[in-house]
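Residue numbers (the numbering used here): 4 to 275. Below you'll find the structure, written out as structure tokens, and then a few comments.
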Ligand SMILES: C[S@@+](CC[C@H](N)C(=O)[O-])C[C@H]1O[C@@H](n2cnc3c(N)ncnc32)[C@H](O)[C@@H]1O
């Protein structure tokens, strides 16, 4: 089989880390997400396996996060089969194949042009799944979005790579243009922004986090949002950890707020 040489830098390169962890989980004896597509896609890419193997310590967290976002996406589409899903910073995640959106909805994958180009080559997605090659912080791509459909904005492993101004430009446009819907995303604690500068796997590809989560600042900026969920990814991962002998240690460590709150999943309803 010929493999694709992938030459991504910065935040785009981190999509290989999550893809590798999806495949690692799927190969395990007790998968949490069980992504059936990740290994096939990895097999078609020419990547540095030794470097990616070093990221697998975060697998339970990354796949628990993906699983919960799949569940929230399915829940949205059951309630709104003619709705719209904006899958932002989609990377090489197979979410539209896992969730199987109905043909009545609009599903739009958005990521940087080099990522969308790679995604189109590597995935055979149904033709009603659209994709837009653009930075999510640009304004122009919003012209292609329906403004009359209830919309799920799902952003996994994305917002921490944007600056605070970028996050608010994006969310501000979503809330101005979309009639009603749900925002679902993960965000990180401030200490992880500093730690990301020193993480060897991130340094090797020139990636780092740029923004962190502060619930009171966020909710006072968007007072009309209705909070549905605020979940610790650490707690979800501890509960789902397939190595049962590790769970008690994870629960004890999870009592420490810096670990428990290192990454959280958020879901908000907006509009009427
Ligand atoms: C950690 S990966 C997550 C990929 C995917 N959501 C997943 O969970 O496998 C981060 C993704 O965010 C994308 N990204 C970062 N900054 C972006 C931006 N300004 N506009 C669009 N996508 C961006 C990267 O290209 C990459 O695909």
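The beta carbon of each residue, even a glycine, is placed where N, CA and C say it ideally should be. Quantities reported herein were computed from a predicted structural model and do not represent experimental measurements.
By the 10 Å Cβ neighbour count, where 16 or more other Cβ atoms means buried, how is residue i classified, buried or exposed?
i	result
residue 53	exposed
residue 260	exposed
residue 273	buried
residue 79	buried
residue 25	buried
What I want to know is whether the C-beta of residue i ends up closer than 7 Å to one or more non-hydrogen atoms of ligand 1.
i	result
residue 204	no
residue 43	no
residue 21	yes
residue 138	yes
residue 93	yes
residue 238	no
residue 121	no
residue 165	yes
residue 38	no
residue 268	no
residue 76	no
residue 18	yes
residue 28	no
Quick one: give me the first and last residue of the beta strand (DSSP E) that residue i is part of.
i	result
residue 95	Neither: residue 95 is in no beta strand (DSSP E) and is coded neither H nor E.
residue 229	229 to 235
residue 87	87 to 91
residue 109	109 to 114
residue 179	Residue 179 -> not in any beta strand (DSSP E); alpha helix (DSSP H) instead, spanning 167 to 180.
With a cut-off of 8 Å on the beta carbons, I'd call residue i and residue j a contact; round off their distance for me.
i	j	result
residue 269	residue 190	6 Å
residue 96	residue 62	The Cβ separation is near 15 Å, so there is no contact.
residue 88	residue 155	5 Å
residue 165	residue 173	7 Å
Below 7 Å CB to CB, which residues in the same chain sit around residue i once its five sequence neighbours on both sides are set aside?
i	result
residue 236	64, 67, 68, 189, 266, 267 and 268
residue 55	19, 20 and 23
Using a Cβ-Cβ cutoff of less than 6 Å, which residues in the same chain neighbour residue i once the five nearest sequence positions on both sides are dropped?
i	result
residue 93	112 and 114
residue 209	12 and 13
residue 263	235, 237 and 257
What are the boundary residues of the alpha helix (DSSP H) that includes residue i?
i	result
residue 28	17 to 30
residue 270	No alpha helix (DSSP H) holds residue 270; the beta strand (DSSP E) holding it covers 266 to 274.
residue 286	Residue 286 cannot be examined here, being either before or after the span of the chain that is shown, 4 to 275.
residue 251	250 to 256
residue 205	203 to 208
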